[in-house]
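In our numbering, each residue's number is its place in the sequence shown (first place is 1) plus 1271. Built from N, CA and C at the ideal position, the CB exists for glycine as well.
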Amino acid sequence: MLQEKQNYSDINEFITSNLANHLNLNLNFQNNKLEDEFAIKLALSLANCSQLKTLTLNLNQNNFSQQGAINLCSALVKCKNLSSLHLNLRSNKIGELGGSYIGFSLANCSSIKILKLNLKLNSIGIQGTIGLSQALENFKNIEELYLDLGYNNKIKNEGVLSLGSALAKCDNLKILKLQLESNKIKNKGVSGLCQSLSQCKKLQKLALLLEQNYIQDNGATGLASALIKFKSLKTLKINLSYNQIGDFGAQNLGISLANCSNISNLKLLLQSNQLENEAVKSIGIAMNDCTNLKNLQLHLYQNEFNSEGLLFINSALKKCINLQTVSITFNNIEYQTCYLMKITLAKIKKLVLKTLRYHN
């Protein structure tokens, strides 16, 4: 008799279970200082789960090297019926070859509709990212993708461009979250990525986390020109914090947001850039057209604008009558401006949560 979802955190208990009958598995072996040999034992058992449809495998914070990833991949190759996979290998040491092998194994799982892959802090590099990209090209049925390659994977422009080219072929993609923080990505990389993503016509939810890279005005402008093409977006999160974006790039972002009138959930995180009043003014003017907004989060602190710029945000908020939650952070603002914003928000009848936060 086929089993419903089973949860295991003891490898011996899993090995002795009725492997052939598992449909849904949740395996949690995180933070156990596990070595490559463990991956062999795990892979041999997973390879016998021939009926498996959904798999959550949490191997976060262990000591797997590229050999551990290779061992694990020998099992994933055989899981051809998977429709949902959540693989967490965060904070291991799988490197470029390990990333490439994961891509190779996933290429055989072409029935996947939901993929959550966390390879943060693994130094997979450009070649590892290219290997993953080649796998994604085969995912014609994928609808939801959550890919975390953040922090010191050093994927650079070459890696992110290969990723974009692959995602452009995922015609059924509806939800996409890309975490690419601190990866030495520059203007060409982010522009190319976003132009490729604009071919995903069914996207409804998009999150791009690009903080702590080397993105300037031209990169933000490339992102903006792609955003205009996302006609079906309802949820958008963009994190460009700790880059080098000035007024020109932020103004173009504002113009593009004005064309995304169907958005109901918006998170725009631009703290610690080089924004002055004209940039914030453009964002405010764009919000005038986002009348369907229900949830808004703006992080604008550690920039160079003052009360003059924020008054345009305040003016736009008056037209966002459907807002239910709002969170805005800023700095260099006079008390009177903050007071005016509080009055504006108090008049929005549907608002249930508001946060105005001042940072020095």
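Neighbourhood of residue i by C-beta, 8 Å cutoff - its chain only, sequence neighbours within 5 removed
i	result
A1291	N1319, C1320, S1321 and Q1322
V1623	Q1595 and T1596
L1474	L1444, K1445, I1446, L1447, L1468, F1501, S1503 and L1504
K1324	L1294, N1295, N1352, L1353, S1354 and S1355
K1312	I1282 and I1286
I1534	L1504, K1505, T1506, L1507, L1528, C1561, N1563 and L1564
Q1301	N1329, L1330, N1331, Q1332, N1333 and N1359
Residue i to residue j span [Cα, whole Å]
i	j	result
L1444	Y1417	11 Å
F1375	T1400	11 Å
D1518	L1524	10 Å
K1411	S1382	8 Å
E1415	M1558	28 Å
L1627	E1452	26 Å
Y1279	L1390	22 Å
N1331	G1370	15 Å
L1582	E1408	46 Å
K1618	F1601	21 Å
K1620	K1589	11 Å
N1454	Q1337	20 Å
K1552	C1609	16 Å
N1289	L1347	18 Å
S1394	C1465	23 Å
Test item: CB-CB of residue i and residue j under 8 Å
i	j	result
G1493	N1458	yes
D1560	G1520	no
I1456	L1481	yes
N1574	Q1607	no
N1715	L1328	Any property of residue 1715 remains undetermined from this structure, which presents the chain solely from 1272 to 1631.
Y1372	I1341	yes
K1625	L1616	yes
A1529	G1555	no
K1364	F1335	yes
A1550	S1527	no
N1536	T1562	no
Q1568	S1598	yes
Cutoff 6 Å; reference residue i; Cβ partners in own chain excluding five residues on either side
i	result
L1540	N1510, S1512 and H1570
L1343	A1310 and A1314
A1406	G1374, L1377 and A1378
G1339	D1307 and A1310
N1577	N1603
C1591	L1564
K1659	Because the chain here runs from 1272 to 1631, residue 1659 falls outside it and cannot be looked at.
S1345	A1314
I1584	G1555
Cut-off 7 Å between Cβ atoms - residues of its own chain near residue i, not counting five sequence neighbours on either side
i	result
S1467	G1435, S1436, L1438 and A1439
Y1572	Q1542, T1600, F1601, N1602 and H1630
K1349	A1318
K1613	L1627
L1403	G1370, I1373 and G1374
Q1470	A1439
Option in the options with minimal Cα separation from residue i
i	options	result
L1296	G1369, F1519 and Q1277	Q1277
L1479	Q1470, L1498 and K1472	L1498
K1508	K1476, N1530 and S1532	K1476
K1472	I1486, L1449, D1442 and A1495	D1442
G1463	L1449, N1454, E1429 and C1380	E1429
K1538	G1370, I1486 and N1566	N1566
V1431	I1385, N1484 and I1413	N1484
I1486	N1514, Q1470 and S1345	N1514
E1367	C1465, K1425 and Q1568	K1425
L1392	K1620, G1402, R1361 and K1552	R1361
E1579	Q1568, S1598, S1288 and N1548	N1548
V1461	N1333, G1490 and L1449	G1490
I1385	I1413, C1465 and E1605	I1413
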